[in-house]
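Asker: Residue numbers for the first sequence, in the numbering used here: 93 to 645.
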Amino acid sequence: MTTEPTPTPAPPTKNMHFIREIIAADNRSGKYGGQVVTRFPPEPNGYLHIGHAKAICLDFGMALENNGRCHLRMDDTNPVKEDVEYTDAIKEDVRWLGFDWGPHYYHASDYFEQMYELACGLIRDGKAYVCELTSEEWKDYRGIPTEPGRESPFRQRSPEENLDLFQRMRAGEFPDGSKVLRAKIDMTSPNLHMRDPVIYRILHVPHPHAGDQWCIYPMYDYAHPIEDAIEKITHSMCTLEFEVHRPLYDWVIQNCNLFPSQQIEFARLELTYTVMSKRKLLELVRQKHVNGWDDPRLPTLCGLRRRGVPPAAIREFCERIGVTKYDSLTDVALLEHCIRDDLNKTVPRAMAVLDPVRLVFDNPDELPATIQAANNPEDPAAGAREIPFEPELFIEREDFAEVPPPKYFRLAPGKSVRLRNAGFVTCTGFEKDAAGNITLIRGRFTPMNQPVKVKATIHWVPAQAARPVEVRLYDRLFTVPEPDADKNVDFMTHLNPDSLQTVQALAEPSLLAAQPGDRFQFERIGYFYAEPDSRPNAPVFNRTVTLKDSWKG
RNA sequence: UGCCCGAUGGUGUAACGGUAGCACAGCAGACUCUGGAUCUGUUAGUCUAGGUUCAAAUCCUAGUCGGGCAACCA
93 MTTEPTPTPA
103 PPTKNMHFIR
113 EIIAADNRSG
123 KYGGQVVTRF
133 PPEPNGYLHI
143 GHAKAICLDF
153 GMALENNGRC
163 HLRMDDTNPV
173 KEDVEYTDAI
183 KEDVRWLGFD
193 WGPHYYHASD
203 YFEQMYELAC
213 GLIRDGKAYV
223 CELTSEEWKD
233 YRGIPTEPGR
243 ESPFRQRSPE
253 ENLDLFQRMR
263 AGEFPDGSKV
273 LRAKIDMTSP
283 NLHMRDPVIY
293 RILHVPHPHA
303 GDQWCIYPMY
313 DYAHPIEDAI
323 EKITHSMCTL
333 EFEVHRPLYD
343 WVIQNCNLFP
353 SQQIEFARLE
363 LTYTVMSKRK
373 LLELVRQKHV
383 NGWDDPRLPT
393 LCGLRRRGVP
403 PAAIREFCER
413 IGVTKYDSLT
423 DVALLEHCIR
433 DDLNKTVPRA
443 MAVLDPVRLV
453 FDNPDELPAT
463 IQAANNPEDP
473 AAGAREIPFE
483 PELFIEREDF
493 AEVPPPKYFR
503 LAPGKSVRLR
513 NAGFVTCTGF
523 EKDAAGNITL
533 IRGRFTPMNQ
543 PVKVKATIHW
553 VPAQAARPVE
563 VRLYDRLFTV
573 PEPDADKNVD
583 FMTHLNPDSL
593 QTVQALAEPS
603 LLAAQPGDRF
613 QFERIGYFYA
623 EPDSRPNAPV
633 FNRTVTLKDS
643 WKG
């Protein structure tokens, strides 16, 4: 017998996006000695959303793939806007997404002393000066994109005087806004960010992390490259709008003689049927269009978590959307696909009826007492459970049609369907109330071992044993793909009035034991997540996503 | 009006001078105890105009369109 050499299965080829290319090239050239160190640097002034997830997956992902490491760093250089309230939430969300920063948790504010020393160095080198122009005056001096700026009258101060003034700024001798430290670069640069940018401002406010030891705070453009360099970050990824800041990033690295971290910009994620800006999310929360930051309709990570979206689905989504340098708008259907794909393989099935109508059997003597149901047809190891079967069941109102439309395969007078896991029913009659609503359906039961030719299977619950449960049906928050596309139309006008419908459903008995955080597929309906604030024996289910439904009634 | 970045089916992306491929969505079919899942087929694309080349989505030039930049925000 000849044995063919087993071909080594090719590793799953990941999309070779431009950042992977850059890292591979750096590794080949030995630019950083083969090291890959990245960082995720959120500003602790808001909750993380799925746009951040893209960055998190990129930052941590590139490190992981290259046996490097990724730091979690609170970019807290503006005490006016930031709060410790957010740092715990940020950590929880990153951890939930599945990433581990190990011991590498940092605060930009921990580097304030070094930043100060480096600023003094710039002053000594004649590369920074204390300027007393008001912000209004500075606007005039800075010029506009099409015209060069003019030099500040304070630009030629001596290093000694600058050093003295800067020290006194730190000592708290001057009020907010009276002085700033500027980098001395080029007032004629076509890049506004290079026209002697402010690198320190006076802010007499305590810092949420550093306490009250500072009254001067560094600006992002100055602080960020220093933070990266101190941590020996090799690849510092950020979004496209920082592209024009890169020359300043490089200037700081060079003029402060720092580790050569490099900034790489990529396009942020935009998703259809939602909004991503912090301001707009805040507005939705403040105006109570949603119930808090973790409302399942929000694209926040805590919202997605509460909706029941598994973190693996988000990671898969982030891999699939790729990384580029041009703006794009990703169809939320791709996210939904990733969610279904994950849940289909992993989640147990159960039956629940959202809009019940009674089904009564004509032949109660011929019924089984219980039936066996597979917990997950995709996973035999998930086992089976027993469901009581009764002479009266509830089925979904939309699974019966008095007058079936063309291609309607479900129950109708004289027609048969399969009852999921149980047998068949043939409709023998029905009753209506005065308003014309179906109040009861009659049918004849046929056991599974006498197959009836049917084209559909419907779900059901036993009338006595079923229990009422609260089900929250979440839908898209907005009715249009780009709610904030038109600057002249308030995005709020596109809110979907039906984004949340709460219904009392009837669930099979086993569902009563659901623990907060459990996930299920309600067969033929969708995937559901037991609310964190479900109470014992009174679970509340959030709809994560519907099942695909190819029937177009 | 200045500078920077970008442009591939409806959407997200790949192709690194040599057959425009993948995924989502759509459509059609097969299969099925979920009208689910799975499988198959299929519709549909290189912004425009020049140039270089045997050969251009890819390189060059110009234009068009889109995005970003004029916080003591990040």
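C-beta atoms are modelled at their ideal positions from N, C-alpha and C, and glycine is treated no differently.
According to the Cβ coordinates, are A555 and E484 closer than 9 Å?
Answerer: Contact: yes.
Asker: Using 8 Å as the Cβ pair cut-off and three pairs as the minimum, do the region 582-599 and the region 444-454 touch?
Answerer: Touching, yes, given that three or more Cβ pairs across the two stretches are closer than 8 Å.
Asker: Pull the bridge partners of S508 from the DSSP assignment, please.
Answerer: BP columns for S508 point to T518.
Asker: The beta strand (DSSP E) that contains S328, what's its start and end?
Answerer: 327-331 is the span of the beta strand (DSSP E), which, as asked, contains S328.
Asker: Could you pull the DSSP bridge partners for L485 from this structure?
Answerer: Bridge partners of L485: L451, P554.
Asker: Please state the DSSP three-state secondary structure of C348.
Answerer: DSSP places C348 in coil when its eight states are reduced to three.
Asker: How many Å lie between W230 and I322 at the Cα?
Answerer: Going by the C-alpha atoms only, they are around 31 Å apart.
Asker: Alpha carbon to alpha carbon, how far is N529 from S626? Give it in angstroms, no decimals.
Answerer: Answer to the nearest angstrom: the Cα atoms are 33 Å apart.
Asker: Between the region 125-141 and the region 174-194, do at least 3 Cβ pairs fall closer than 8 Å?
Answerer: Flag = yes, the region 125-141 and the region 174-194 touch.
Asker: Tell me whether N159 is buried or exposed, calling it buried when 16 or more other Cβ atoms sit within 10 Å of its Cβ.
Answerer: Exposed is the call here.
Asker: Per DSSP, F614 forms a beta bridge with which residues?
Answerer: Note: F614 sits in a beta bridge opposite A442, G618.
Asker: Taking its Cβ as the centre, do 16 or more other Cβ atoms sit within 10 Å of V415, making it buried, or is it exposed?
Answerer: Buried: at least 16 other Cβ atoms inside 10 Å.
Asker: Within the continuous alpha helix (DSSP H) that includes P267, where are the two ends?
Answerer: No alpha helix (DSSP H) holds P267; DSSP gives it neither H nor E.
Asker: Taking 8 Å as the cut-off, does the region 401-411 touch the region 142-151 (at least 3 CB pairs, one atom from each stretch)?
Answerer: Judged by Cβ distances under 8 Å, the region 142-151 makes contact with the region 401-411, as three or more pairs qualify.
Asker: May I ask you to report which of helix, strand or coil DSSP gives K183?
Answerer: Correct three-state label for K183: helix.
Asker: Please report the straight-line C-alpha distance between A117 and Y197, rounded to a whole angstrom.
Answerer: Taking the straight line joining both Cα atoms gives about 28 Å.
Asker: Can you tell me which of the three DSSP states I236 falls into?
Answerer: It is coil, neither helix nor strand.
Asker: State the Cα-Cα distance for the pair D217 and S281, rounded to the nearest angstrom.
Answerer: About 21 Å.
Asker: Around the C-beta of A102, are 16 or more other C-beta atoms found within 10 angstroms, so that it is buried, or is it exposed?
Answerer: For A102, the predicted structure reports a pLDDT of 39, less than 50, and the residue's modelled location is therefore unreliable. The matter cannot be settled from this model.
Asker: Quick check on this structure: which residue in E239, M540, S508 has the alpha carbon closest to the alpha carbon of G515?
Answerer: Among E239, M540, S508, the Cα nearest to that of G515 belongs to M540.
Asker: Between which two residues does the beta strand (DSSP E) holding R564 run?
Answerer: That run of the beta strand (DSSP E) goes 559-566.
Asker: Going by the CB atoms, is the gap between E488 and R616 shorter than 9 Å?
Answerer: Yes.
Asker: What are the start and end residues of the beta strand (DSSP E) that includes V290?
Answerer: First-last of the beta strand (DSSP E) with V290: 290-294.
Asker: Helix, strand or coil for T100 per DSSP?
Answerer: Confidence at T100 is low in this model, with a pLDDT of 36, below 50, so its placement is unreliable and no value can be given for it.
Asker: Can you have a look at A504 and say buried or exposed, based on whether 16 or more other CB atoms are within 10 angstroms of its CB?
Answerer: So A504 ends up on the buried side.
Asker: Measuring straight from C-alpha to C-alpha, what distance separates L421 and D576?
Answerer: Whole-angstrom Cα-Cα distance: 12 Å.
Asker: Excluding sequence positions up to five away, which residues of its chain have a Cβ less than 6 Å from the Cβ of E335?
Answerer: Taken in chain order, the residues that qualify are E357.
Asker: Check V370 in the structure and name its three-state DSSP category.
Answerer: One detail in the question is off: residue 370 reads as Lys in this sequence, not Val. Helix, per DSSP.
Asker: Touching or not, the region 558-575 and the region 507-523, by the rule of three or more beta carbon pairs under 8 Å?
Answerer: The region 558-575 vs the region 507-523: no contact.
Asker: Of all the options K579, D454, Q248, Q259, which has the alpha carbon lying nearest to the alpha carbon of E205?
Answerer: It is Q259 whose Cα lies nearest to the Cα of E205.
Asker: Determine which residues share a DSSP beta bridge with L273 and list them.
Answerer: In DSSP, L273 forms a bridge with V222, Y292.
Asker: Using C-beta distances below 8 Å, list every residue in its chain close to I114, excluding the 5 sequence neighbours before and after it, in chain order.
Answerer: These residues qualify, in order along the chain: H327, I356.
Asker: Quick one: what does DSSP say L459 is sitting in, helix, strand or coil?
Answerer: In this structure, L459 counts as coil in the three-state DSSP scheme.
Asker: Any idea which residues DSSP pairs H141 with across the strands?
Answerer: H141 pairs with T392.
Asker: Within 10 angstroms of its Cβ, does I550 collect 16 or more other Cβ (buried), or is it exposed?
Answerer: So I550 counts as buried.
Asker: Between the region 223-243 and the region 281-290, can you find at least three pairs of beta-carbon atoms closer than 8 Å?
Answerer: At 8 Å Cβ cutoff, the stretches touch.
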